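Report on the structure given below.
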Amino acid sequence: MSFSEFFYRYFIEPIKYNQGYNIVNTLVYAIILGIAVLLLYKMLKKMGIRVNEKFFVALMPYVILGPLMRSMTDIGLLPRTYLTVSPGGYFVIAGFAIASLFAVWRHCRDERLYPIYRDFGWVLVAGLLFIMVINWDKVSVRWVFFKYFIPSLLLAESFIWLLSRKFELVRNNRILYYTHFYDATTTFVGIQFFGFWEQHVLARTLMDFFGTPAVMYLEKLVIITLVVYVLDRLMADEDPELINFIKLTVFILGFGPGTRNLLITLLR
Numbered sequence: 076m077s078f079s080e081f082f083y084r085y086f087i088e089p090i091k092y093n094q095g096y097n098i099v100n101t102l103v104y105a106i107i108l109g110i111a112v113l114l115l116y117k118m119l120k121k122m123g124i125r126v127n128e129k130f131f132v133a134l135m136p137y138v139i140l141g142p143l144m145r146s147m148t149d150i151g152l153l154p155r156t157y158l159t160v161s162p163g164g165y166f167v168i169a170g171f172a173i174a175s176l177f178a179v180w181r182h183c184r185d186e187r188l189y190p191i192y193r194d195f196g197w198v199l200v201a202g203l204l205f206i207m208v209i210n211w212d213k214v215s216v217r218w219v220f221f222k223y224f225i226p227s228l229l230l231a232e233s234f235i236w237l238l239s240r241k242f243e244l245v246r247n248n249r250i251l252y253y254t255h256f257y258d259a260t261t262t263f264v265g266i267q268f269f270g271f272w273e274q275h276v277l278a279r280t281l282m283d284f285f286g287t288p289a290v291m292y293l294e295k296l297v298i299i300t301l302v303v304y305v306l307d308r309l310m311a312d313e314d315p316e317l318i319n320f321i322k323l324t325v326f327i328l329g330f331g332p333g334t335r336n337l338l339i340t341l342l343r
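Structure follows, in structure tokens:
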């Protein structure tokens with residue numbers, strides 16, 4: 076098999092035919108993500124931008140932009156291309172976010188940077204929402220989704236609340252646990268009650284083995300616990316802002332897919 080055939084089989088075909096992720100592209104994307112996190116962190120340090128609550132709030136519209144664009148593609152409001160589906164769409168949004176940050180930073184290097192960067196992101200979100208509004212006649216809302224989603228989410232997040240009362244590691248990272256159990260709930264409801272399917276290799280394998288999408292909760296609990304244990308205990312002496320940036324990435328990896336799952340299940 077030539078390199079072009081290999082690349083087409085493992086990277087192009089899954090996007091072209093909506094086959095989901097495979098082991099090869101999952102590993103490659105994970106490596107790319109890891110390298111990108113380190114490079115972006117170094118870029119932020121060089122720009123003098125701190126990874127704190129202000130940065131998190133300013134970044135939120137860009138975090139919403141990704142799943143919003145992805146879901147609008149899935150329901151047919153945006154053309155399906157390599158740049159509007161995973162992972163290309165997220166590369167595009169990341170490019171917008173980085174370019175916007177750099178542009179704002181070039182002209183404003185004080186505390187005004189954060190609200191200006193945030194507001195520009197909300198303008199982009201508003202643009203996509205405007206497209207959705209003018210095409211609303213092509214969209215229908217599956218209101219019954221909430222019949223299953225709300226009780227499942229309350230039960231899942233109550234479990235995290237109980238764990239946070241007993242375990243310090245969970246309590247100190249409860250936002251990450253809440254976010255990823257939100258993601259697990261959207262996956263569980265979409266597959267269990269509405270006939271969707273899982274795109275990610277590990278989750279798909281676990282569901283096939285255990286015979287239920289509820290295994291997503293166990294997967295999330297184990298993975299997030301391992302990640303935060305490494306960050307908080309084994310990397311306790313590392314730069315706190317690096318730890319915060321990695322946790323921010325973990326948050327995005329839960330909130331983004333979860334919101335995309337919610338929107339494509341709710342809207343059709």
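The sequence shown maps to residues 76 to 343 in this note's numbering.
In this text, a Cβ means the ideal position worked out from N, Cα and C, and glycines have one as well.
Remember, it's a predicted structure, so these values are computed and weren't measured experimentally.
How long is the line joining the alpha carbons of residue i and residue j, rounded to whole angstroms?
i: asparagine 248; j: valine 303; result: 7 Å
i: isoleucine 191; j: glutamate 316; result: 22 Å
i: leucine 325; j: arginine 308; result: The amino acid at residue 325 is misidentified as leucine; the sequence shows valine. About 17 Å.
i: isoleucine 235; j: serine 77; result: 48 Å
i: isoleucine 90; j: glutamine 274; result: 11 Å
i: isoleucine 150; j: arginine 125; result: 37 Å
i: phenylalanine 81; j: leucine 238; result: 45 Å
i: arginine 240; j: asparagine 127; result: 25 Å
i: histidine 182; j: leucine 188; result: 9 Å
i: alanine 169; j: phenylalanine 177; result: 12 Å
i: isoleucine 110; j: alanine 201; result: 31 Å
i: lysine 213; j: leucine 199; result: 22 Å
i: tyrosine 92; j: threonine 101; result: 17 Å
i: isoleucine 298; j: methionine 291; result: 10 Å
i: proline 79; j: glutamate 88; result: Note on identity: in this sequence residue 79 is serine, with proline being the wrong assignment. Taking the straight line from one Cα to the other gives about 12 Å.
i: proline 162; j: glutamate 313; result: 30 Å
i: phenylalanine 205; j: tryptophan 180; result: 28 Å
i: glutamine 94; j: arginine 279; result: 12 Å
i: arginine 184; j: leucine 114; result: 20 Å
i: proline 344; j: serine 233; result: In the structure as shown, the chain starts at 76 and stops at 343, and residue 344 therefore has no counterpart that could be examined.
i: serine 175; j: isoleucine 106; result: 25 Å
i: glycine 166; j: glutamine 267; result: The sequence given here places phenylalanine at residue 166; glycine does not occur at that position. About 30 Å.
i: alanine 215; j: alanine 311; result: Sequence check: residue 215 is serine here, not alanine. Answer to the nearest angstrom: the Cα atoms are 49 Å apart.
i: leucine 296; j: arginine 246; result: 13 Å
i: phenylalanine 131; j: valine 112; result: 15 Å
i: phenylalanine 242; j: leucine 108; result: 29 Å
For the putative contact between residue i and residue j, defined by C-beta atoms under 8 Å, what is the C-beta separation to the nearest angstrom?
i: lysine 322; j: leucine 244; result: About 13 Å separates the two Cβ atoms, so there is no contact after all.
i: proline 142; j: leucine 342; result: Not confirmed; about 12 Å, so no contact.
i: tyrosine 85; j: valine 99; result: 4 Å
i: glutamate 294; j: leucine 277; result: 7 Å
i: asparagine 210; j: leucine 301; result: The pair is not a contact, with the Cβ atoms about 42 Å apart (cut-off 8 Å).
Are residue i and residue j touching if we call contact CB-CB under 9 Å?
i: glycine 196; j: proline 288; result: no
i: threonine 260; j: leucine 228; result: yes
i: isoleucine 139; j: threonine 334; result: yes
i: tyrosine 116; j: tyrosine 104; result: no
i: isoleucine 173; j: methionine 118; result: yes
i: threonine 156; j: arginine 145; result: no
i: glycine 265; j: asparagine 319; result: no
i: arginine 193; j: alanine 133; result: yes
i: threonine 148; j: glycine 164; result: yes
i: phenylalanine 344; j: arginine 217; result: In the structure as shown, the chain starts at 76 and stops at 343, and residue 344 therefore has no counterpart that could be examined.
i: lysine 129; j: glutamate 186; result: yes
With a cut-off of 9 Å, does the C-beta of residue i fall near any C-beta of chain B?
i: methionine 147; result: The question asks about chain B, but that chain is absent: this structure has only one protein chain.
Is any heavy atom in the ligand GTP found nearer than 8 Å to the beta carbon of residue i?
i: tryptophan 272; result: The ligand GTP is not among the ligands present in this structure, which contains no ligands whatsoever.
Do the stretch 251-266 and the stretch 319-336 meet, that is, are 3 or more Cβ pairs less than 8 Å apart? yes
Could you tell me whether the stretch 278-298 touches the stretch 213-222, using the rule of 3 or more Cβ pairs below 8 Å? no
Whole runs of the alpha helix (DSSP H) within the stretch 142-187, excluding any shorter than 4 residues: 163-182
Entirely enclosed alpha helix (DSSP H) segments - the stretch 264-331, minimum 4 residues: 276-285 and 290-304
Quick check on the DSSP output: what are the complete beta strand (DSSP E) runs of length 3 or more inside the stretch 78-104, in order along the chain? none
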